[in-house]
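**Q**
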Amino acid sequence: MAIKKVVETGLWERIYVPEVIRGVALTAGHFFRNMAAHTAHLFGLGKQKRGSATYQYPEERRPLSPRLRTLHRLTRREDGSPRCVACMMCETVCPARCIYIVAGEHPNPQIEKYPVRFDIDLGLCVMCGYCVEACPEDAIRMDTGVIDFSSYTREGMIYDMKKLLDLSPTPARGVKSSARP
Amino acid sequence: MNYFIAFLVVGFVFSAVMGLMYILLWAERKQSAVMQDRIGANRATFFGLPTLMGLWHNIADGIKLITKEDFIPPSGNRFLHTISPMIALFFALMSFAVIPFGGVYDLWGYTVSLQILNLNVGLLYIFAAMSMGIYGFVLAGWASANNYSLLGGMRASGQMISYEITMGATVIGLLMIYGTLDLQQINIAQGRLWGGWLPLWGVLLQPLGFILFFTAAMAETKRVPFDIPEGESEIVGYFMEYSGMKFAMFWQTDFIETILAAALVTTLFFGGWQVPFLMSDGFHFPWGAVWSLPALVVMLLQVGSFLTKVFIFCFLLMLIRWTLPRFRWDQLMRLGWSIMLPLSILNIVVTGFVLVLWQS
Numbered sequence: 190m191a192i193k194k195v196v197e198t199g200l201w202e203r204i205y206v207p208e209v210i211r212g213v214a215l216t217a218g219h220f221f222r223n224m225a226a227h228t229a230h231l232f233g234l235g236k237q238k239r240g241s242a243t244y245q246y247p248e249e250r251r252p253l254s255p256r257l258r259t260l261h262r263l264t265r266r267e268d269g270s271p272r273c274v275a276c277m278m279c280e281t282v283c284p285a286r287c288i289y290i291v292a293g294e295h296p297n298p299q300i301e302k303y304p305v306r307f308d309i310d311l312g313l314c315v316m317c318g319y320c321v322e323a324c325p326e327d328a329i330r331m332d333t334g335v336i337d338f339s340s341y342t343r344e345g346m347i348y349d350m351k352k353l354l355d356l357s358p359t360p361a362r363g364v365k366s367s368a369r370p
Numbered sequence: 406m407n408y409f410i411a412f413l414v415v416g417f418v419f420s421a422v423m424g425l426m427y428i429l430l431w432a433e434r435k436q437s438a439v440m441q442d443r444i445g446a447n448r449a450t451f452f453g454l455p456t457l458m459g460l461w462h463n464i465a466d467g468i469k470l471i472t473k474e475d476f477i478p479p480s481g482n483r484f485l486h487t488i489s490p491m492i493a494l495f496f497a498l499m500s501f502a503v504i505p506f507g508g509v510y511d512l513w514g515y516t517v518s519l520q521i522l523n524l525n526v527g528l529l530y531i532f533a534a535m536s537m538g539i540y541g542f543v544l545a546g547w548a549s550a551n552n553y554s555l556l557g558g559m560r561a562s563g564q565m566i567s568y569e570i571t572m573g574a575t576v577i578g579l580l581m582i583y584g585t586l587d588l589q590q591i592n593i594a595q596g597r598l599w600g601g602w603l604p605l606w607g608v609l610l611q612p613l614g615f616i617l618f619f620t621a622a623m624a625e626t627k628r629v630p631f632d633i634p635e636g637e638s639e640i641v642g643y644f645m646e647y648s649g650m651k652f653a654m655f656w657q658t659d660f661i662e663t664i665l666a667a668a669l670v671t672t673l674f675f676g677g678w679q680v681p682f683l684m685s686d687g688f689h690f691p692w693g694a695v696w697s698l699p700a701l702v703v704m705l706l707q708v709g710s711f712l713t714k715v716f717i718f719c720f721l722l723m724l725i726r727w728t729l730p731r732f733r734w735d736q737l738m739r740l741g742w743s744i745m746l747p748l749s750i751l752n753i754v755v756t757g758f759v760l761v762l763w764q765s
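Chains A and B, in that order, give the protein sequences. End of the first sequence sits at 370 in my numbering; the numbers just go up one at a time, nothing left out. End of the second sequence sits at 765 in my numbering; the numbers just go up one at a time, nothing left out.
(1) Shortest alpha-carbon distance to V608/B belongs to which of G677/B, E646/B, Q564/B?
(2) Please report the distance separating the alpha-carbon of I290/A from that of D337/A.
(3) What does Q371/A reach in chain B if we use C-beta pairs closer than 9 Å?
(4) According to the neighbour-count rule (16 or more other Cβ atoms, all chains shown, within 10 Å of its Cβ), is G334/A buried or exposed?
(5) My assumption, with CB atoms under 8 Å, is that V206/A sits in contact with I616/B. Please give the rounded CB distance.
(6) To the nearest angstrom, report how far apart S500/B and R239/A are at their CA atoms.
(7) State the DSSP-derived secondary structure class of H689/B, mapped to helix, strand or coil.
(8) Of all Cβ atoms in chain A, is any one closer than 8 Å to the Cβ of L729/B?
(9) Please list, in chain order, the chain B residues whose beta carbon lies closer than 8 Å to that of A242/A.
(10) Taking only beta-carbon atoms, is V439/B less than 8 Å away from chain C?
(11) From F220/A to G614/B, what distance separates their C-alpha atoms?
(12) In this structure, what does DSSP give as the bridge partners for Q537/B?
(13) Would you mind working out which of I192/A, L200/A, Y303/A, C273/A sits nearest C320/A, comparing C-alpha positions?
(14) Please determine if the stretch 693-705 of chain B and the stretch 742-749 of chain B are in contact, where contact requires at least 3 C-beta pairs separated by less than 8 Å.
(15) Kindly indicate the opening and closing residues of the beta strand (DSSP E) around E294/A.
(16) Are there 16 or more other CB atoms within 10 angstroms of the CB of R211/A, so buried, or fewer, so exposed?
(17) Which residues in the same chain as C719/B place their Cβ atom closer than 8 Å to its Cβ, once the five residues preceding and following it in sequence are excluded?
(18) For W606/B, name the three-state secondary structure that DSSP assigns.
(19) Classify D632/B as buried or exposed, calling it buried when 16 or more other Cβ atoms lie within 10 Å of its own Cβ.
(20) Use the C-beta contact count for G507/B: other C-beta atoms within 10 angstroms, 16 or more gives buried, fewer gives exposed.
(21) Note down, in chain order, each residue of its chain lying with its Cβ closer than 7 Å to the Cβ of L353/A, except the 5 sequence neighbours on either side.
(22) Write down the C-beta distance between L586/B and N525/B rounded to the nearest angstrom, noting that I regard them as a contact closer than 8 Å.
(23) Give me the subset of the stretch 616-627 of chain B whose CB atoms are less than 8 Å from a CB atom of chain A, sorted by chain position.
(24) State the DSSP-derived secondary structure class of P304/A, mapped to helix, strand or coil.
(25) Is there at least one Cβ from chain B nearer than 8 Å to A172/A's Cβ?
(26) Is the shortest distance between the beta-carbon of L665/B and the beta-carbons of chain A less than 8 Å?
(27) Three or more C-beta pairs under 8 Å: does that hold for the stretch 441-452 of chain B against the stretch 511-521 of chain B?
(28) Determine the burial state of S480/B: buried for a count of at least 16 other Cβ atoms within 10 Å of its Cβ, exposed for fewer.
(29) Under the DSSP definition of a beta bridge, which residues are partnered with S684/B?
(30) Spell out whether any CB of chain B is found under 8 Å from the CB atom of T333/A.
(31) Please classify V715/B as buried or exposed, where buried requires at least 16 other C-beta atoms within 10 Å of its C-beta.
(32) Can you tell me whether DSSP reads Y246/A as helix, strand or coil?
(33) How many whole angstroms separate the CB atoms of L545/B and F409/B, which I take to be in contact at a CB cut-off of 8 Å?
(34) Measuring only between beta-carbons, confirm whether Q736/B sits less than 8 Å from chain A.
(35) Does the count of Cβ pairs from the stretch 471-478 of chain B and the stretch 339-358 of chain A closer than 8 Å reach three?
(36) Would A191/A be called buried (16 or more neighbouring beta carbons within 10 Å of its own) or exposed?
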């Protein structure tokens, strides 16, 4: 079977000059539109119209989707103790095996167990969110909006229970940028 | 005193070209960024000084290139490898000697001619200098002892030959109209008015010639739509084995040739330093009004006019460089030999016919 060559260029395209002018007009349009926006920003005008599609990352952060799975946090009961009952569901479901829980006996017989240790190795975590899905107590969530956790050591990537409990959720609506860790 | 004036003029041209080249290095980054909805390089600073929209990046480049190892391939030709970037840069800079950026003025009793060298074969001189400049690229390719470099040098020479012919043939149309090779005379002739109101700039007399010349001049700069000698994605080009300031010299040559192309198009087709209706003693408007100005103001206006036009053409060349994809080698040759060369010859023939009809 021979490969058919589809040539859709007519005489107008093959003259080349009008098409070049069309292309240059397109890029020049972008240039002058963006320059107008940048110039307006210099005088403090038209801030809602952006002059570029890129974000100046460390200073300026992109709006995140509320559905985005970000750094985990452990939720608390009203008295401040962790909501987790150490049922090991998340540890079992975790495909990366990055959750490590040590259960202890809770003084309240209604609760039975509580985590003595709850470590997440973020160096292993694949951010799949199965732990959040599996949790029957709504004790773990991925709604902190922190996306830039990093460390110089492997140990630094292991977040213990205290660290995870201290994280706060991003405000539900109107979040314009990701939180800093 | 005449030597002092000449010295000033040379200094002005040199610093203007080098300064404009510095701005173009910056504009290359920033203009392309703004065209592509980006911000562009804006991080380099010195001791917490303001970033000045990325102007320091050129200095950072300079420091990096100066402190880099100057590598010469062991099997290459040491002498030619060293001298070829100098040849390229030297001839690119030399071409500016005959480009008039202003007329001849009488200031405080001195005659000031704003052209370094008033040659009566100025146009020929520029073509000669541009053709000599190609030796830099070919020798660079040969002296590097690298097949890819050699291929780049061969391509550079092939492209140069193809487009130099078109360029020369296009200019003949202008020569037939203006009857001189002296760029200053061509500029003065472009100040004439047709019917008392329309300045007879070259672009109005030779619209096809302008398009062909502009394209060929763009090909001479060896930048993107015509960057076959570099061909970054296939062969790295004639400067593959170059590093540090020697590479920077090739880089500067690219930008200086862009400025040269802009200056040549301005001089030949857009009236050079002419401002419409501005004579040597002030404005003479077509409706009869006269606004006389001192010679110094006229000089500044005309030099400003030339620089503005050069800036606009540099912008346009940069715009095209960042808009069009590049040609393949066979497309480039076909465009050069079987489209542009016949068109430029047609241009000569049509110009000749019109001139004969006009004069009879």
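Glycine included, each C-beta is placed from N, C-alpha and C at the ideal position. The structure presented is a predicted model; accordingly, all values stated were derived computationally and were not measured.
**A** By the coordinates alone:
(1) Of the candidates G677/B, E646/B, Q564/B, G677/B places its Cα closest to the Cα of V608/B.
(2) 24 Å
(3) Within the shown structure, residues of chain A are numbered from 190 to 370, placing residue 371/A beyond reach of any answer.
(4) buried
(5) 6 Å
(6) In a straight line, the C-alpha of S500/B is about 43 Å away from that of R239/A.
(7) Three-state result, H689/B: strand.
(8) yes
(9) D442, R443
(10) The structure shown contains no chain C; its protein chains are A and B.
(11) 28 Å
(12) A small fix is needed here, since residue 537/B is Met in this sequence, not Gln. M537/B is not bridged by DSSP to any residue.
(13) C273/A
(14) The stretch 693-705 of chain B makes no contact with the stretch 742-749 of chain B; the number of CB pairs closer than 8 Å stays below 3.
(15) Run containing E294/A: 288-294, per the beta strand (DSSP E) assignment.
(16) exposed
(17) L425, L429, A432, T663, I664, A667
(18) coil
(19) buried
(20) buried
(21) H261, R262, L263, F307, I309
(22) Right, the Cβ-Cβ distance comes to about 6 Å (below 8 Å), so this counts as a contact.
(23) Listed in sequence order: I616.
(24) strand
(25) It is not possible to answer for residue 172/A, since the shown part of chain A is limited to 190 through 370.
(26) no
(27) no
(28) exposed
(29) According to the sequence as given, residue 684/B is Met; it is not Ser. Answer is G687/B, bridged to M684/B.
(30) no
(31) Result: buried.
(32) coil
(33) The amino acid occupying residue 545/B in the given sequence is Ala; Leu does not appear at that position. 38 Å between Cβ atoms; not a contact.
(34) So, not an interface residue.
(35) Contact between the stretch 471-478 of chain B and the stretch 339-358 of chain A is absent: fewer than 3 CB-CB pairs across the two stretches fall below 8 Å.
(36) exposed
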